[in-house]
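Asker: After the structure tokens below, expect a handful of questions from me.
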């Protein structure tokens, strides 16, 4: 199911531009404190600093401050990231900020992010 892009505010407090994701990316989400899977969702928009999680069935159980393990998966590769929930967007979405990225993880994400933004629209 393809969800149309949402309108993003004209003013943005973010350090990095965000991009709406319409490609086939899956996001496996784990609660790091409980060491248990929360489920599969999708990235809604993404930047070098974080992303918005959507379509996660367990979304109502996620709260601001939760530390999550994320596995960003496409058809060819997977990238493991750590993040913290920094806000609730709607009852079905929340935003995370990436945490503790090593230099190699940062480079890997930047390469993946650059490839992804070639196929998605900038907001």
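Numbering (the working numbering), first residue to last: 450 to 572. Backbone N, C-alpha and C define an ideal beta-carbon position, used for all residues, glycine too.
Are residue 488 and residue 502 touching if we call contact CB-CB under 8 Å?
Answerer: In the chain shown, residue 488 corresponds to position 39, counting from 1. In the chain shown, residue 502 corresponds to position 53, counting from 1. Not closer than 8 Å, so no.
Asker: Taking the straight line between their C-alpha atoms, what separation do you get for residue 524 and residue 531?
Answerer: Walking along the chain shown from the start, residue 524 turns up at place 75. Walking along the chain shown from the start, residue 531 turns up at place 82. In a straight line, the C-alpha of residue 524 is about 21 Å away from that of residue 531.
Asker: List the residues that DSSP assigns as beta-bridge partners of residue 488.
Answerer: Locating residue 488 in the chain shown gives position 39, counting from the first residue. DSSP lists 478 as partners of residue 488.
Asker: Determine the closest residue to residue 499 out of 540, 541, 470, with distance taken between C-alpha atoms.
Answerer: Mapped onto the chain shown, residue 499 falls at position 50. Comparing Cα-Cα distances from residue 499 to each of 540, 541, 470, the minimum goes to 470.
Asker: Measuring CB to CB, does residue 492 end up less than 8 Å from residue 521?
Answerer: As a working note, residue 492 is residue 43 in the chain shown. As a working note, residue 521 is residue 72 in the chain shown. The beta carbons of residue 492 and residue 521 sit closer together than 8 Å.
Asker: Enumerate in chain order the residues of its own chain whose CB-to-CB distance from residue 541 is below 7 Å, with the five nearest sequence positions on each side excluded.
Answerer: Here residue 541 corresponds to residue number 92 of the chain shown, with the count starting at 1. Excluding residues within five positions, the ones whose Cβ falls inside 7 Å are 503, 508.
Asker: For a quick check, are the C-beta atoms of residue 549 and residue 515 less than 8 Å apart?
Answerer: Taking the first residue of the chain shown as 1, we reach residue 549 at position 100. Taking the first residue of the chain shown as 1, we reach residue 515 at position 66. Going by C-beta atoms, residue 549 is not nearer than 8 Å to residue 515.
Asker: With a CB to CB cut of under 6 Å and the five nearest residues on each side skipped, what residues in its chain are close to residue 533?
Answerer: For the purposes of this step, residue 533 is identified with residue 84 of the chain shown, where counting begins at 1. 516, 546, 548, listed in sequence order.
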